[in-house]
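K.L.:
Take this structure, written in C-alpha cells, and hold onto it; I'll ask about it next.
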Amino acid sequence: MTQDAAPKLLVVADEPKNLHTISRILASHDLEIVFASSGEEALREVLQHNFFLILMDVQMPELNGLDTARLILGNKKTAHLPIIFVTATSKEEQLVMEGYDAGAVDYIYKPVNPFVLASKVSIFRDLHERSEALRRKNDELAQARKALKQSNEELSHIELHDSLTGLANRKNFAHSLSQAILRADRDRQKLAIFFLDLDNFKTVNDTLGHDAGDELLKTVASRLRDSVRKNDLVARFGGDEFAVLMENIRDNKDVAVIAEKMLALVGKNNPLRNRNLIVTPSIGIAVYPVASNDQDQLMEFADIAMYRAKKDGRNAYRFYSEELQSMELEFSEMSFDLRRAIDGDQLEVHYQPQIDTKSQQIIGFEALVRWNHPEKGLLSAKDFITVAEQSGLIREIGARVLEEACTQYQSWRHTQLITSNHVRMSVNVSALQIRSGNFVETIDEIFAKTGMQPDHLELEVTESTLIDDLDHFVRILNDLDNRGISIAMDDFGTGFASYRHLQHLPVHHLKIDRGFIARIQEDERDLEIVSSMITMAKALGLYVTAEGVELFEQAELLKDIDCDRMQGYFFARPDAPEVIERLLEDQQQHAQQD
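Heads up: the sequence shown is residues 120 to 713, going by our numbering.
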C-alpha cells in the first residue's frame, strides 16, 4: 500500500443490511471498504489486501466469526490484523471472553451505534497509520544502515586493496601476515611469503607508456591469482612489486611448485599494443619460522631473496638462507670497494690482440677492464663485473673503458703503431649501458673528445643483452650502425639468438664462444658445430672471430674451416698498453724484414 492510498477496512457479514449499515456510517471517513459475505471469503481477502481493521460478524453460517478469527490470527502473514466482533448476541462474560480468546480486540453490539463505530474505526485507523509511518521510518533506517554498511565496506575495501588490480595492498598484506603467524604458531605450521617484481618493467613504461604498463600489471595480477591456491593471498605493494602469502606448507617443495608456476604463467607472452612482450618475474621467498619468527624481518628477508634472484640472472626464484645473507653482505662490501676503485683510479684497461687467420697479423684489439686491487692484486673482469652490473656501476665503468680504449687507439695511430684503417678497437657494452637512454650521445661525446673515427670502433654485445627488449636494442644498434660503428655478437652460441634473428639485427661480426673452441682438436662434433657457425655467418655476410684459442692445433683447424680471426692465449694474453706496443713494434719489424 502506498502512502497516499485510502486505508482498507474489511467488513465480514452474511446479511447485506449489516454491510449497508456499516458502509453508510463510514461513508465520510475516506476508507476503502472491502466486503466479505462469509468466513471463507474473508480468508481469501486478507491474503490479498493490507487491512488496518476487520469488522467481523460473529454469527455466520458454516464458518462463524470466532473460527474465522482463529484462522486469520493463526497465519503468520495475517496474525497482526486487529479484529472487532460485531454481534447482537448476549453480553455475558463467558461469551465475551470466548471472543477475546479467539483473538478479538473489541466488541461492537447491534444495533450499531454510529458514534461508537466511527470512533473505534478512527482509533484503529490512526494506530494503523502511525504503525505504517513507523514501519516506513524503520525501512528508511534499515536502508540507511545498509547504505552506511556498504559505504563502510567500500571504504574498507579501498583502504585495504589496490585500486588498479583489485589485489590486497601492503597494509592488508601486513595485517593478514600477522594473523597468519598467530595461526601458524597455534597449529605448529609453516608459512611462506613471496616478494616478486617484474624484470625491466621500467622499459615498458618508457617505451609504450604508463597506460600500457597498467594494462600489463593487471594481466600479471590475474596470472598470479591463477598461479596460487584458492586461499593464498596475492597483494600488490605498488609499481611492479607483488607479494603472496601462502599458509599451511609442509616443506620447500610445496613452495617451489607455486614459484615455478608463477614463473611459467607470469613470464608468458603478453600481446600488448600490437607487440608481443615477455616480462619475466624475479621472486624472493622467506619461510616462517625457518628464516625468521619476526614479521618485519621475514618481509626483509623475502626482499633480499628477490634481489638475489635478480642478481643471479632474473626470471628465477630464490629462498632466503644464511648463506644468501652472507652473499649479500659480500656483494655490499665489493660494491663499496668498487666505488672506491672507480674514484681512486684503480681500474685499468688491458688489450688482447685479434689475429687475422691468413696473414697472422694483428687486425684488432679487445679492450678488457682490470681492477688493480690494493689487497687482492690484479683482478680480471669476471671477478667483479657481475657486481658492477648489479650495482649499476657498470654504466660509469663502461663509459670510462670506452673513452680510455678510444684514447689509446688514437695514441697508437698517432705513433704509427697502427697504420691500417682495417684495425678496430673492440669494447664490450652491457645492457644497462644501452638502456641508459643517452648511450649513443655518450659515444658521440667520446668521439668528439678523442678524435676516434666511428669505423675504427667495434662494440661487442652478448646474445643475452638483447633478450630484455629486442625492439629497443635493435633501434639503438641501428643508430650505431648508421654512424659507421661495427657491431659484434659476443659469446655467440650461448644465448638465445637464432639465425632468423641475425638476419634482422645490424650485426657485422660473430665471436664464437670459447666453450665451443676448447675441444675442437679432439671432438669432431664440436668442430662440426663451429664449422656450421662459420658457414652460416658467411652466408649472412658476417665475419667470424674464434675466442679462447690456446693451442696450435686449434689455430690450424680454424684456419682450415675458414675462420676469419682468432683471439686467445696462443697468440697473446690481455695486457697493459706498453706490452701491446712491443707486440706492434715487433710486427712492424718483421714486416720490414720480409
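Note that beta-carbon positions come from the ideal geometry of N, C-alpha and C, so glycine has one too.
Predicted model only: the values in this text are computed from it and were never measured.
I believe V559 touches D598 by the beta-carbon criterion, under 8 Å. Please report the beta-carbon distance rounded to the nearest angstrom.
P.N.:
Confirmed, Cβ separation roughly 5 Å.
K.L.:
Any idea what DSSP makes of S605, helix, strand or coil?
P.N.:
S605 falls in the strand class under three-state DSSP.
K.L.:
Where do the ends of the alpha helix (DSSP H) carrying D186 lie?
P.N.:
D186 -> alpha helix (DSSP H) spans 184-192.
K.L.:
Does the beta-carbon of T284 have 16 or more other beta-carbons within 10 angstroms, so that it is buried, or is it exposed?
P.N.:
Per the 10 Å Cβ criterion, buried.
K.L.:
Below 8 Å on the Cβ atoms is my guess for Y439 versus A421; work out the distance and round it to an integer in Å.
P.N.:
The Cβ separation is near 6 Å, so the contact holds.
K.L.:
Determine the DSSP secondary structure at P135, reduced to helix, strand or coil.
P.N.:
Note: P135 maps to helix in three-state DSSP.
K.L.:
If distances are taken between C-alpha atoms only, which option among P390, A435, S250, F292 comes closest to Q414?
P.N.:
Residue F292 is the option with its Cα nearest to Q414.
K.L.:
Taking just the CA atoms, how far does D316 sit from T326?
P.N.:
Cα to Cα, the separation comes out at about 19 Å.
K.L.:
Just confirm the distance between the C-beta atoms of Q686 and I639, as a whole number of angstroms; I'd bet it's less than 8 Å.
P.N.:
Not quite, the Cβ-Cβ distance comes to about 15 Å (not below 8 Å), so this is no contact.
K.L.:
Where do the ends of the beta strand (DSSP E) carrying S545 lie?
P.N.:
543-547 is the span of the beta strand (DSSP E), which, as asked, contains S545.
K.L.:
When the Cβ atoms of the segment 525-542 are set against those of the segment 551-558, are three or more pairs found closer than 8 Å?
P.N.:
Cβ pair count under 8 Å is below three, so no.
K.L.:
Could you name the residues of the same chain whose beta carbon sits closer than 7 Å to that of N491, not counting the 5 residues immediately before and after it, in chain order?
P.N.:
Q465, E467, L497, listed in sequence order.
K.L.:
Is DSSP giving M175 helix, strand or coil here?
P.N.:
Correct three-state label for M175: strand.
K.L.:
Taking the C-alpha atoms as reference points, what is the distance between L578 and K290?
P.N.:
Their backbone Cα atoms lie some 47 Å apart in a straight line.
K.L.:
Identify the continuous beta strand (DSSP E) that holds L355 and give its terminal residues.
P.N.:
At residue 355 the sequence reads Arg, which differs from the Leu that was named. Note, R355: beta strand (DSSP E), 352-357.
K.L.:
State buried or exposed for R701, treating a residue as buried only when at least 16 other CB atoms are found within 10 Å of its CB.
P.N.:
When all chains shown are included, R701 counts as exposed.
K.L.:
Please look up how many angstroms separate the CB atoms of N540 and D609, rounded, as I've assumed it's under 8 Å.
P.N.:
Between D609 and N540 the Cβ distance is about 23 Å, and since that is not below 8 Å, they are no contact.
K.L.:
Going by DSSP, what residue range makes up the alpha helix (DSSP H) through Y226?
P.N.:
Looking at the DSSP string, Y226 is not in any alpha helix (DSSP H); the run it does join, the beta strand (DSSP E), is 225-228.
K.L.:
What whole-angstrom Cβ distance do I402 and M381 have, given they're in contact under 8 Å?
P.N.:
About 6 Å separates the two Cβ atoms, so the contact holds.
K.L.:
In its own chain, which residues sit with a C-beta less than 6 Å from the C-beta of E360, not counting the 5 before and 5 after it?
P.N.:
Result list for E360: D316, in chain order.
K.L.:
Under the rule that 16 or more other beta-carbon atoms within 10 Å means buried, what is I277, buried or exposed?
P.N.:
With fewer than 16 other Cβ atoms within 10 Å, it is exposed.
K.L.:
For the alpha helix (DSSP H) holding M652, just list the boundary residues, first then last.
P.N.:
Looking at the DSSP string, the run of the alpha helix (DSSP H) that includes M652 is 643-658.
K.L.:
Helix, strand or coil, according to DSSP, for D413 in the structure here?
P.N.:
In this structure, D413 counts as coil in the three-state DSSP scheme.
K.L.:
Nearest by alpha-carbon distance to Q509: which of M179, A303, M425, R394 is it?
P.N.:
Answer by Cα proximity: M425.
K.L.:
What does the alpha-carbon distance come out to for the pair S297 and A266?
P.N.:
Computed Cα separation, rounded: 31 Å.
K.L.:
From D186, I368, L236, pick the residue whose C-alpha is nearest to that of E217; which is it?
P.N.:
Of the listed residues, the one whose Cα sits closest to E217 is D186.
K.L.:
Cutting at 8 Å between CB atoms, please list the residues of its own chain near D399, excluding the five before and the five after it.
P.N.:
Before going on, a small fix: residue 399 reads as Thr here, not Asp. Once the five neighbours on either side are set aside, the close Cβ partners of T399 are L317, D318, L382, V385, G386, R433, N434.
K.L.:
Have a look at L286 and V353 and give me their C-alpha separation to the nearest angstrom.
P.N.:
Cα-Cα distance, rounded: 6 Å.
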